[in-house]
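Participant: In the numbering used here, the protein residues as written are 70 to 446. For every residue, glycine included, the Cβ atom is placed at its ideal position computed from N, Cα and C. Take this structure first; my questions come after.
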Ligand SMILES: [Fe+2]
Ligand SMILES: [Fe+2]
């Protein structure tokens, strides 16, 4: 998408309407020779009437990708690859330029076989992962080891040493990584370090983080005050999340745009779990069709169960378990659970914390057509 050159609002006072002339073209050339330009030549493009995303709604189908992800485990060792990840690329020029699935979000699918490890390292980019299949996997974050199973959500906040693996008696595991690498590279703040040893020695009892901070509304008293800028709860268990969604569904009507939706939060502050990326899990009732809205910020979804479709920018995108899709900034979207009997679950992560901390998170409902988009194809 690009600026609409024929937008009638560009005729308004305060917008650029300067016509080229011989004198002006000569003047522009002189400016260019001095590494300058006339702002009015570009103003309407760089200050559009509303956000214009360079990213396209894109779907990554798990049944098409799973075999390729498993194949990567046969072709490359994780200690050689560093991180054996198949990167999800947005179907746009911007996606290729920034190695981005959408906006400031990078994502990929990582596979680990029993007994394998990813060497310990740290980076400025924050990371999170959503376990898609398998079991008996673990992540170690600054000496805290947390075990991981299907549909768990786990944090590796920026600057923390981390390594991953699957126990010898575990199952081959596939997870979706989500990082803010495009943001860190745009800010030119990306540092990367490797740990002096292949793996960290765990300093605490296994799962000390969820055992200390995983109970709703309860914070341990006999621990050091938590002063780190991210959540002390490093893993959010699926069984807890699912139970919380069903409870929420008994408490009220939920969101017209998202059904029943929960935010993974820092239990100490109630804020986002990390500073640059947030995440949600939502549940759609059988047959539910949400209303359309749009907002700034970019979102990557992963169907955690069930089936349905989303209408994004006027087009229908079907999804089933573990299909991944994105909604770029300021694009209309609504979700449909096509099952008549079963709930549908959508995990998602986003760059909302960045938008909110910069005071540029904006949201609006679609008012026309009873809140539903007209399909364009
Ligand atoms: Fe990492
Ligand atoms: Fe939304």
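#1: Would you list the residues whose beta-carbon is nearer than 7 Å to any heavy atom of ligand 2, in the order they occur in the chain?
#2: I need the DSSP call for residue 234, collapsed to helix, strand or coil.
#3: Using only the alpha-carbon positions, how far apart do residue 289 and residue 338 sit?
#4: So which of 298, 297, 285 and 281 has the shortest CA-CA distance to residue 291?
#5: Under a three-way DSSP split, which group does residue 191 fall into?
#6: Should residue 199 and residue 244 be called a contact, given that it needs their Cβ atoms to be closer than 8 Å?
#7: Is it right to say residue 71 is buried, meaning 16 or more other beta carbons lie within 10 angstroms of its own, or is it exposed?
#8: Just the C-alpha distance for residue 118 and residue 87, rounded to the nearest angstrom, thanks.
#9: Is residue 369 near residue 174, with beta carbons less than 8 Å apart?
#10: With three or more beta-carbon pairs closer than 8 Å as the criterion, would you say the segment 317–330 touches the segment 295–309?
#11: On the DSSP bridge assignment, give the partners of residue 364 in chain order.
#12: Ligand 1 heavy atoms versus the CB of residue 441: any closer than 7 Å?
#13: Roughly how many angstroms separate the alpha carbons of residue 260 and residue 321, rounded to a whole number?
#14: Rounded to whole angstroms, what is the Cα-Cα separation between residue 218 and residue 241?
#15: Is the segment 119–138 touching the segment 389–400, taking contact as three or more C-beta pairs under 8 Å?
#16: Check residue 352 in the structure and name its three-state DSSP category.
Facilitator: So, from the data block:
#1: 326, 327, 362, 364, 368, 396 and 402
#2: To locate residue 234, count along the chain shown from 1; it is residue 165. Correct three-state label for residue 234: strand.
#3: Locating residue 289 in the chain shown gives position 220, counting from the first residue. Locating residue 338 in the chain shown gives position 269, counting from the first residue. About 14 Å.
#4: Sequence index remark: in the chain shown, residue 291 carries index 222 (1-based). Per the Cα distances, 281.
#5: For the purposes of this step, residue 191 is taken as the residue at position 122 of the chain shown. If DSSP states are grouped into helix, strand and coil, residue 191 belongs with the strands.
#6: Locating residue 199 in the chain shown gives position 130, counting from the first residue. Locating residue 244 in the chain shown gives position 175, counting from the first residue. Taking 8 Å as the Cβ cut-off, residue 199 and residue 244 qualify as a contacting pair.
#7: As a first step, residue 71 must be located in the chain shown, where it is residue number 2. Low local confidence applies: a pLDDT of 44 at residue 71 is under 50, so the model's placement there is unreliable, with the coordinate-based value given in what follows. Exposed is the call here.
#8: As a first step, residue 118 must be located in the chain shown, where it is residue number 49. As a first step, residue 87 must be located in the chain shown, where it is residue number 18. C-alpha separation (whole angstroms): 18 Å.
#9: Taking the first residue of the chain shown as 1, we reach residue 369 at position 300. Taking the first residue of the chain shown as 1, we reach residue 174 at position 105. Their beta carbons are under 8 Å apart, which means residue 369 touches residue 174 by this criterion.
#10: no
#11: The residue labelled residue 364 in the question sits at position 295 within the chain shown. Per DSSP, 432.
#12: Mapped onto the chain shown, residue 441 falls at position 372. No, Cβ of residue 441 sits at least 7 Å from all heavy atoms of ligand 1.
#13: Residue numbering aside, residue 260 sits at position 191 when the chain shown is read from its first letter. Residue numbering aside, residue 321 sits at position 252 when the chain shown is read from its first letter. When rounded, the distance between both Cα atoms is 45 Å.
#14: Locating residue 218 in the chain shown gives position 149, where the first residue counts as 1. Locating residue 241 in the chain shown gives position 172, where the first residue counts as 1. Whole-angstrom Cα-Cα distance: 11 Å.
#15: yes
#16: Taking the first residue of the chain shown as 1, we reach residue 352 at position 283. In the structure shown, residue 352 sits in a strand (DSSP, three-state: E or B).
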